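Peer 1: My structure is below; once you've seen it, I'll send some questions.
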Amino acid sequence: MRGGIGGIWRALRQRAGVSIGILVVAVVAAAAATTGPVYDAAARTSILRDALATPTVLDRSVEATSTGSVNDLVGNLTKPASGVLADHLGGPAQLSRLFQPPLQDVLAQVLTGQQGLQVPITWHSGQCAHLRMTAGTCPAAARQVMISASFAAQRHLKPGDTITMRQAALSPLTVTGVYAPPSLDELNSAYWLADPCDHFAHESYCIASVDVNAAPPGPDALFTPAATFAALPPSVQGQAAAWWVLNPQSAHARDLGTLTAAAQAFLTDSSLAGANVATSSTIPQLAAQAQSDWSALDVPVLLVTVQLLLLAWLLLFLIATDAAEARAAEVALARLRGYGRFRTVAFGLSEPALLLLFAFPAGALAGWAATWALSRILLRPGTPVALPWLAVAAAALATLGGFIAIGAASRRALTRPVTQQWKRTSRDAARRGWVLDAVLLTGAAAGLAELFTGGYATGARSGSLGLLVPGLLGLAAAVVASRLLPLGCRLAFGATRRGGGTALFLAARHIARRPGGTRTTIVLAAAFALATFAVSSYAVGQRNIGRVAAAQVGADAALTVQAPPGQDLGAIVDRIDPDGTQAVVVDQYPGAPKQALLLAVQPKRYASVASWLPGFVAVPPRTLAAALSPPAAAPVQIPATATGLRVKVSALTGVKPGTALTFWISQTASGGQTPVAVSSLRDGWMTVPMSGCPCQVTMMTIDGPPAEPANGRLTLSDLQARAGGSWVPLSGALANPALSWLAGPESPDPSCAGPSGQVTGGNGGQHIDWKFSAPSGCGPALKRNDVPSPMPALVSAGVTRSMDPLTTLGLDGRGVSVKPVALAAAVPGSPTRGIVVDRTFALRAAYLTTGGLVTEQVWTAPGALTRIRSQLAAAHVAITSVATTGDARAALQRQGPALASVLFLAIAGAAALLAAGAAVLGLYQAGRRRRHEYAALLAGRVARRSLRASLLIEQVVVLGFGALTGIAAGLAAAALVLRYVPEFSSGVPTPPLLYAPPPGPVGEALLVVLLAISAAATLAALAVVRAARPELLRQAQP
Amino acid sequence: MSGTEAGTAVSGTESGTASGTESGTVLGGREPAVAAAPAAPAVRCENLVHVFGTPGNEVAALRGVDLVIEPGEMVALLGPSGAGKTTLLWHLAGLLAPTAGMVEINGLPLAGLSGRALTSMRLREVGLLLQNPASNLLPSRTALGNVLFAQSPTRRTRVMKRKRASDLLDRVGLAEAARRPAGLLSGGEQQRLALAVALANGPRLLLADEPTSQLDPASAADVIELIQAANASLGTTVVAVTHDPEVAAALGRTITIRDGRVGGAGHGGREFVVIGKDGTLTLPADVLDELPPGSLAEATRAEGGGILLRRADLGGTDLSGTGGLGSGGAGKEHQ
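Residue numbers (the working numbering), protein chains in the order written: chain A, 629 to 1666; chain B, -16 to 318.
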């Protein structure tokens, strides 16, 4: 159109209000369409990187191992494995982008020359950079080694010394330096991937639990250059390993498929298998987890985007309708001037089309920028936010939809006969049928029905479809409500005629007759329904994320630690937190039944420190603490200086010669039970030697001939330990014997069930009368009753729903019977699989053993982490990792459903504000069109304040009705739908989740929006009435 | 080119010519071929009836209008408000379809023409000037842009359109205001610009709906003068609805529409009543005090020719059925 752009620009400026409205909505539509794919792509990368950034480096590595002659073992392993991996990834460039350079290790066991001591010798790539030298230098040539500080001390070696070796090719080895073995924290780095106990067997983290009868630990490894191995004869055998550590920050969403396929292909590569190379990796499992999270993200993002895009189009239709009416006279003029149909359409749509064309790139960029800003807050730091072609296509599609919306909105103005335009006879909107209402109501009902009948049973995808229901419900409520407002106002005609003043009289009629009122109500109600649902969904989601994070971690922070050898962590924590409110020790042992996790805790501390959220357990935590710790006999403690133990036996009957009396001793340092026997049981002092204490006497058994049943009795008195050169009584050992000791068979085997004997006391608690009885093969035993059996426990409802005793695994991996004192909907630390017992009882039941699979943690109360952490470190407690509720919450917030929820909130909020803005603008435009009418009323002596009040009432009623209808529909949708919308990725154990929208955040958000609308409406009303002057009547209406 | 000849069928959408002959000295210079007098009347209406409204709620705006306007005539349509003048004008512009009867413009019957053909006819044959100056124009465009806008559907070259537009603006005295947005012009300037726009494509029929009603006397005089100039130089037929006696006097011939019919006509300063096909006669308002509505009149042949219309006096007997007979008095004859 000739000279068109300038003319269009001037026209747009002339109709600045509507033009800006169209532009803003079109930009938002394009931005909303762009945001979905951009956000989805970025969130996918973030999720993938989160999944790959495992706490344990080995989990995100590809590992290849081989055994054989060490002289060329590592080279023969690394090169072909690298090639295979690169081939499957698409080339060496991809390999070096995604993975760090391979770490290589070769290890052989060799013997020293004189003593024949077996010593590991190893080369670990990059060793000089990762081992801290305490003396000398890192070895650089063949047959040079560096030795650990402990090895140097034991062997009295220093740099410059030599070590004679059995293998001639190795001997002698020259010590060039002494290294400090890595700490536990350093072992968790991306460098030490091999089993640390192969290289640092002498260090405490490899000897935490050692049987007193076991052999002493071996020496730490000698580190030597690779050249040392190259010089060895083929007869020297060893093992080599190589690890390719994935760099999570290099991974993009597009890499997932390649990465998964490459890892799987690597694991099954026949050429490597043929070369005796074993491969392993958990990357495919990590990738599968990421894929699962993606699926939880994709559908909600799509649905959110589509719903809001539809809303934006509806909004565009609303504004464009007003714009088309404003241009109708010009369109009529064009037709009058002989413009044909297509030329008229082009002329009529030129202005909004230009706005849409501008909105396309602007919206795409705005969407990208908004997503970028959102990603900085929500996604994993460093996640790239690109503008993929799909986002551009979506923006183009949104713009195309905008063209259609504007075309539909302008259709009436473009086709209206010129004479009707001049006569203004067709301004009333055509009557709307009930078809749309019926379709929307049916859709909403069908969506709800599917949700209620399907629910979680059909998986996350179905749950995601529930996100469509709020939109359908909102629209259905909107279309129905839009009929009610004019109807209500018509019903008020009579009342406003009889009384109520001019303002109400005018307002009721304007609302009832304004053709745009229906559209305003529909758009406002739909937008507010979605926004209310989004706010509710977000608030509920955030609250539940907080609950899940608190339940997962168990407390504000959980430090995984390792106590110094021989020290009890509980005692350390008692010392650094004497009040018992800032820290608690929690020992964890995973095991049956139903993958339950045993949590051995300090009950009173646990009650104070753990995160107890509403709904977790019905019983107050302090009551629970008392229930978990019923009275029990104290253990019989033997002091650390003890060198012997004795007991006086009298009145012995019923034993055959050769029968032994055995004391069962648990050493505090190493745990377990050690039998110490007196070979011939008789009246008199029974004395045994003692070492390695402090210890506890857990049991005494009578070991007669196994083939015969045992029946008899004896009296025990004066249980004493020899310490400091004299015998001292063991405090409380024989007091209250009937409660402190249990007579029975030694073995818990059911075949040993039967008469078990009897324990009575006498002489003021100074002796025990033990009447014993046991079947053949089952030695009679006198057990210290220092552990209630079954042990009281707080049990997750996910483990059992019965209060009957159940058997689980104790801290030593043996079965232990527990009796629920309460069932918890969620147990802090293990929401659905937790069994909480008193740590003291658990340790006694496990005979003080805390090795193997036991994880020791110290939980801290809010604000106590820093202090407790430093005091633990000062007590030489090794801290291997720290988990906080905040970190867990952040991780959950980066899961797919939470990310989708935030996107929904952001765009729905923007859409609601836009809808409100468009509604205010529409009302303002409608008011402006009436300014001649107002001028006439002013000329007729109607007070200006009445007009102002009339317009204000109209705006408040129209906006308020639409907004409140939407809010009600949104809250109803939240109440009906939220419980069906997935909030977490599959597999996340959750405590009972709460779905009632928290009134605080929801109310505040909605109040702010309503206040903003009211302010805008007031300003618009004031502006319209101010512009109405009687002088206007001298001018012709446009 | 054929489209510019009177009486030929309308088939194309283009208008005017690319011959470059528009630069005539006349207002809105038109092709020489158009200057030749067409054989058919510029306007011919036969028994034109138009009924507005919906069934059961009809309003007859035109009740059988018969009208012939020759090419080059300037005609003022007079009559009271609501008489049907504007409706008739819209029929002449092809904007309404008759309920009955027919309309021919320059020999072209409008009945049965498609919407596209009617659009083409308006583009080439008709210029329309509306009452409100602003409603003739695109306020955001410049004066020049408005004239160009009117020419936009034609196939003239860009240079020709601009030259023609400049000439038109020059003729209407708006050369200096060519670059000013139309919305910023005064009412008189806007109406002069609207005239230039109406004449942009050299129409043979200029329809004006109260062209001076919202103008001050000086501006109104300017507009009348320009209309006359267009008629004089181009032979453009002019039909203007007006209440302004000066406009009516300036246009020469007047046609008075009363109650949807042609009720009177004026030529050379003389006013005539027009007898309808069915013999109906609509009296001018200035004699209604003698023959008020509802009164009885007696028509008799006058001596020497003609008809004598005299109010009948039946001595109080009501023969009309309306009770509207006057109280007597001597009747007057109108010839």
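Virtual Cβ for every residue (Gly too), placed ideally from N, Cα, C. These figures come from a predicted structure and were not determined experimentally.
Looking at glycine 102 (chain B): is its Cβ nearer than 7 Å to the Cβ of glycine 968 (chain A)?
Peer 2: Locating residue 102 (chain B) in the second sequence gives position 119, where the first residue counts as 1. Locating residue 968 (chain A) in the first sequence gives position 340, where the first residue counts as 1. Per the sequence shown, the amino acid found at residue 102 (chain B) is threonine instead of glycine. In contact: threonine 102 (chain B) and glycine 968 (chain A) (Cβ atoms closer than 7 Å).
Peer 1: Beta carbon of leucine 577 (chain A), beta carbon of leucine 884 (chain A): below 7 Å?
Peer 2: No statement about residue 577 (chain A) is possible, as the shown extent of chain A runs from 629 to 1666 and does not include it.
Peer 1: Quick one: residues in its chain with C-beta nearer than 7 Å to the C-beta of histidine 250 (chain B), no 5 flanking neighbours on either side, listed in chain order?
Peer 2: In the second sequence, residue 250 (chain B) corresponds to position 267, counting from 1. Around histidine 250 (chain B): Arg236.
Peer 1: So what does serine 776 (chain A) bridge to, in DSSP terms?
Peer 2: As a working note, residue 776 (chain A) is residue 148 in the first sequence. DSSP lists A:Tyr807 as partners of serine 776 (chain A).
Peer 1: Which first and last residues belong to the beta strand (DSSP E) in which phenylalanine 1291 (chain A) is found?
Peer 2: Position 663 of the first sequence, counted from the start, is the residue given in the question as residue 1291 (chain A). Unbroken beta strand (DSSP E) run through phenylalanine 1291 (chain A): 1288 to 1295.
Peer 1: Along chain A, which residues have their Cβ under 9 Å away from the Cβ of arginine 138 (chain B)?
Peer 2: Within the second sequence, residue 138 (chain B) is the residue found at index 155, counting from 1. Ordered by position in chain A, no residue passes the 9 Å Cβ test against arginine 138 (chain B), which lies about 12 Å from the chain.
Peer 1: Based on Cα-Cα distance, which residue from A:Ile749, A:Ala777 and A:Gln772 lies nearest to arginine 760 (chain A)?
Peer 2: Numbered from 1 along the first sequence, position 132 holds the residue referred to as residue 760 (chain A). For arginine 760 (chain A), the closest alpha carbon among the candidates A:Ile749, A:Ala777 and A:Gln772 is that of A:Ala777.
Peer 1: DSSP on tryptophan 1313 (chain A), reduced to helix/strand/coil?
Peer 2: For the purposes of this step, residue 1313 (chain A) is taken as the residue at position 685 of the first sequence. In this structure, tryptophan 1313 (chain A) counts as strand in the three-state DSSP scheme.
Peer 1: Measure from the C-beta of leucine 1006 (chain A) to each C-beta in chain B and report whether the shortest distance is under 7 Å.
Peer 2: In the first sequence, the residue the question calls residue 1006 (chain A) occupies position 378. Output row for leucine 1006 (chain A): interface = no.
Peer 1: Between valine 1046 (chain A) and chain B, is there a C-beta pair that is closer than 7 Å?
Peer 2: Within the first sequence, the letter at position 418 stands for residue 1046 (chain A). Yes, valine 1046 (chain A) lies at the interface with chain B (some Cβ there is under 7 Å from its Cβ).
Peer 1: For serine 123 (chain B), go through chain A and note every residue whose CB falls closer than 7 Å to its CB, in chain order.
Peer 2: Here the question's residue 123 (chain B) lines up with position 140 in the second sequence. In chain order: Gly635, Arg638, Ala639 and Gln642.
Peer 1: DSSP state of tryptophan 820 (chain A), grouped into three classes?
Peer 2: Indexing the first sequence from 1 puts residue 820 (chain A) at position 192. Secondary structure of tryptophan 820 (chain A) (DSSP, three-state): coil.
Peer 1: Taking Cβ-Cβ distances shorter than 9 Å, what residues in chain A pair up with arginine 99 (chain B)?
Peer 2: In the second sequence, the residue the question calls residue 99 (chain B) occupies position 116. Per Cβ cutoff of 9 Å: Gly968 and Arg969.
Peer 1: When you compare the segment 1256 to 1266 of chain A with the segment 1425 to 1433 of chain A, are there three or more beta-carbon pairs, one atom per stretch, that lie closer than 8 Å?
Peer 2: No contact exists between the segment 1256 to 1266 of chain A and the segment 1425 to 1433 of chain A.
Peer 1: Within 7 Å of any Cβ in chain A, is that where the Cβ of proline 194 (chain B) sits?
Peer 2: Indexing the second sequence from 1 puts residue 194 (chain B) at position 211. With 7 Å as the cut-off, proline 194 (chain B) does not count as an interface residue toward chain A.
Peer 1: Per DSSP, what are the beta-bridge partners of isoleucine 1463 (chain A) in this structure?
Peer 2: Against the first sequence, residue 1463 (chain A) aligns to sequence position 835. Beta-bridge pairing links isoleucine 1463 (chain A) to A:Leu1226 and A:Val1423.
Peer 1: Can you list the residues of chain B that tyrosine 1582 (chain A) reaches, using a CB-CB cut of under 8 Å?
Peer 2: As a working mapping, residue 1582 (chain A) is identified with position 954 in the first sequence. Reading the sequence as shown, one finds glutamate at residue 1582 (chain A) and not tyrosine. Those within 8 Å of glutamate 1582 (chain A) in chain B number zero; the least Cβ separation is about 28 Å.
Peer 1: Where leucine 895 (chain A) and serine 908 (chain A) are concerned, what is the direct C-alpha to C-alpha distance, given to the nearest angstrom?
Peer 2: Here the question's residue 895 (chain A) lines up with position 267 in the first sequence. Here the question's residue 908 (chain A) lines up with position 280 in the first sequence. Between leucine 895 (chain A) and serine 908 (chain A), the C-alpha separation is close to 6 Å.
Peer 1: Determine which residues share a DSSP beta bridge with glycine 764 (chain A) and list them.
Peer 2: Here residue 764 (chain A) corresponds to residue number 136 of the first sequence, with the count starting at 1. Paired residue(s): A:Gly805.
Peer 1: Of all the CB atoms in chain A, is at least one closer than 7 Å to the CB of leucine 111 (chain B)?
Peer 2: Here residue 111 (chain B) corresponds to residue number 128 of the second sequence, with the count starting at 1. Answer yes: the Cβ-Cβ gap between leucine 111 (chain B) and chain A drops below 7 Å somewhere.
Peer 1: Are valine 1020 (chain A) and threonine 999 (chain A) touching if we call contact CB-CB under 7 Å?
Peer 2: Here residue 1020 (chain A) refers to the residue found at position 392 of the first sequence. Here residue 999 (chain A) refers to the residue found at position 371 of the first sequence. No; because the gap between Cβ atoms is not below 7 Å, this pair is not in contact.
Peer 1: Look at proline 845 (chain A) and histidine 830 (chain A) and say whether their C-beta atoms are less than 7 Å apart.
Peer 2: Counting from 1 along the first sequence, the entry for residue 845 (chain A) is found at position 217. Counting from 1 along the first sequence, the entry for residue 830 (chain A) is found at position 202. A contact, by the Cβ cut-off of 7 Å.
Peer 1: Consider the Cβ of leucine 78 (chain B): report whether some Cβ of chain A lies at a distance smaller than 7 Å.
Peer 2: Looking up residue 78 (chain B) in the second sequence gives position 95. Closer than 7 Å: yes.
Peer 1: Express the C-alpha separation of leucine 735 (chain A) and aspartate 1346 (chain A) in angstroms, rounding to a whole number.
Peer 2: Working through the first sequence from its first residue, we reach residue 1346 (chain A) at position 718. Working through the first sequence from its first residue, we reach residue 735 (chain A) at position 107. Using only the alpha carbons, I get a separation of about 56 Å.
Peer 1: Could you tell me how far apart the beta carbons of glycine 1598 (chain A) and alanine 1159 (chain A) are, in whole angstroms, since I believe they sit closer than 8 Å?
Peer 2: Numbered from its first residue, the first sequence carries residue 1598 (chain A) at position 970. Numbered from its first residue, the first sequence carries residue 1159 (chain A) at position 531. Their Cβ separation, rounded to whole angstroms, is 7 Å, which keeps glycine 1598 (chain A) and alanine 1159 (chain A) in contact under 8 Å.
Peer 1: Can you say whether aspartate 269 (chain B) is buried or exposed, counting buried as having 16 or more other CB atoms within 10 angstroms of its CB?
Peer 2: As a working mapping, residue 269 (chain B) is identified with position 286 in the second sequence. The residue is exposed, with fewer than 16 neighbouring Cβ atoms inside 10 Å.
Peer 1: What residue range is occupied by the uninterrupted alpha helix (DSSP H) comprising asparagine 129 (chain B)?
Peer 2: Counting from 1 along the second sequence, the entry for residue 129 (chain B) is found at position 146. Here the alpha helix (DSSP H) through asparagine 129 (chain B) covers 126 to 134.
Peer 1: Compare the Cα-Cα distances from glycine 573 (chain A) to each of A:Leu798, A:Ala796, A:Met774 and A:Ser799 and report the closest residue.
Peer 2: An answer regarding residue 573 (chain A) cannot be provided, because it is not within the stretch 629 to 1666 covered by chain A.
Peer 1: What are the boundary residues of the beta strand (DSSP E) that leucine 745 (chain A) is part of?
Peer 2: For the purposes of this step, residue 745 (chain A) is identified with residue 117 of the first sequence, where counting begins at 1. That residue, leucine 745 (chain A), is in no beta strand (DSSP E); it is neither H nor E in DSSP.
Peer 1: Check whether chain A comes within 7 Å of threonine 219 (chain B), counting only Cβ atoms and requiring the distance to be less than that.
Peer 2: Sequence index remark: in the second sequence, residue 219 (chain B) carries index 236 (1-based). No, its Cβ sits nowhere closer than 7 Å to a Cβ of chain A.
Peer 1: How long is the line joining the alpha carbons of leucine 1042 (chain A) and isoleucine 636 (chain A), rounded to whole angstroms?
Peer 2: Position 414 of the first sequence, counting from 1, holds the residue named residue 1042 (chain A). Position 8 of the first sequence, counting from 1, holds the residue named residue 636 (chain A). Their backbone Cα atoms lie some 17 Å apart in a straight line.
Peer 1: Please report the Cβ distance between alanine 940 (chain A) and alanine 1539 (chain A), rounded to the nearest whole angstrom; I am assuming they are in contact, meaning their Cβ atoms lie under 8 Å.
Peer 2: On the first sequence, position 312 is the one that residue 940 (chain A) refers to. On the first sequence, position 911 is the one that residue 1539 (chain A) refers to. 6 Å between Cβ atoms; contact.
Peer 1: What residue from A:Pro861, A:Trp1017, A:Arg963 and A:Ala709 has the CA that sits closest to valine 905 (chain A)'s CA?
Peer 2: As a first step, residue 905 (chain A) is located in the first sequence; it is residue number 277 there, counting from the start. For the set A:Pro861, A:Trp1017, A:Arg963 and A:Ala709, the Cα lying nearest the Cα of valine 905 (chain A) is the one of A:Ala709.
Peer 1: Given a threshold of 16 other Cβ atoms within 10 Å of its Cβ, counted over all protein chains shown, does threonine 69 (chain B) qualify as buried or as exposed?
Peer 2: The sequence position of residue 69 (chain B) within the second sequence is 86, counting from 1. Its Cβ being crowded by 16 or more others within 10 Å, threonine 69 (chain B) is buried.
Peer 1: With a threshold of 8 Å, are at least 3 pairs of Cβ atoms found where one atom belongs to the segment 847 to 865 of chain A and the other to the segment 748 to 756 of chain A?
Peer 2: yes
Peer 1: Helix, strand or coil for glycine 171 (chain B) per DSSP?
Peer 2: Within the second sequence, the letter at position 188 stands for residue 171 (chain B). Reduced to three states, the DSSP call for glycine 171 (chain B) is helix.
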